[in-house]
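In the working numbering, the protein residues as written are 323 to 462.
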Amino acid sequence: MLQFVATDCKLRRMGYGEDSFFTLGAGGRVGVVAISLILFALCGCVVWFAGAGLGRVWRVLIALAAFWGFVWLSPQAYYMFYLLIFDGLPLQWVARLPGFDLVARLLTFTDRATLSDHGKGVLGWVLIALALLRRRAKVE
Numbered sequence: 323m324l325q326f327v328a329t330d331c332k333l334r335r336m337g338y339g340e341d342s343f344f345t346l347g348a349g350g351r352v353g354v355v356a357i358s359l360i361l362f363a364l365c366g367c368v369v370w371f372a373g374a375g376l377g378r379v380w381r382v383l384i385a386l387a388a389f390w391g392f393v394w395l396s397p398q399a400y401y402m403f404y405l406l407i408f409d410g411l412p413l414q415w416v417a418r419l420p421g422f423d424l425v426a427r428l429l430t431f432t433d434r435a436t437l438s439d440h441g442k443g444v445l446g447w448v449l450i451a452l453a454l455l456r457r458r459a460k461v462e
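Written as structure tokens, this is what we have:
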């Protein structure tokens, strides 16, 4: 708990003081971080396994598609979690199909200065790096 409070102070000083993440209690923050890590791992697995044996260009395209899918569908995963922790939220679909401009802004860190958007940008670049690290399978 002390580490979480210390991280809270550091992030607030880094310019994230008004971020909605800080409106959550400790349990809500842990839940959001857990969902983020699970989705991060799922996207990484998609890039790793779907790109096996493919060329570099295809692997990067798969990484970009996985990132685009994350940007599109992850708001629904977080909203489903918010249904558990906030009373009175209506059951609804909140995911919206992102345009190329939004994905580009996230990858270039030029969208909103929030933990969410910067985290998405980091995820995008990690997926691209993972795609570039993957070697082609040898055909014998």
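Beta carbons: idealized from backbone N, C-alpha and C, even for Gly.
What is the DSSP secondary structure of residue i, reduced to helix, strand or coil?
{"i": "A399", "result": "helix"}
{"i": "W390", "result": "helix"}
{"i": "V416", "result": "coil"}
Could you check the C-alpha separation between residue i and residue j for me, to the nearest Å?
{"i": "I450", "j": "T345", "result": "32 Å"}
{"i": "F362", "j": "L386", "result": "14 Å"}
{"i": "R378", "j": "L452", "result": "11 Å"}
{"i": "D433", "j": "V448", "result": "18 Å"}
{"i": "A427", "j": "F392", "result": "Before going further, note that residue 427 is Arg rather than Ala in the sequence given. Straight-line Cα distance between these residues: approximately 15 Å."}
{"i": "W380", "j": "D439", "result": "25 Å"}
{"i": "G347", "j": "L376", "result": "44 Å"}
{"i": "A374", "j": "K442", "result": "24 Å"}
Excluding the 5 residues preceding and the 5 following residue i in the sequence, name in chain order all residues of the same chain whose CB lies nearer than 8 Å to its CB.
{"i": "A398", "result": "Strictly speaking, residue 398 in this sequence is Gln, with Ala absent from that position. Excluding positions up to five away in sequence, the list reads W415, V416 and A417."}
{"i": "L395", "result": "A417"}
{"i": "Y400", "result": "V354 and I357"}
{"i": "C367", "result": "none"}
{"i": "D409", "result": "none"}
Buried or exposed: residue i, going by 16 or more other Cβ atoms within 10 Å of its Cβ?
{"i": "L413", "result": "exposed"}
{"i": "A388", "result": "buried"}
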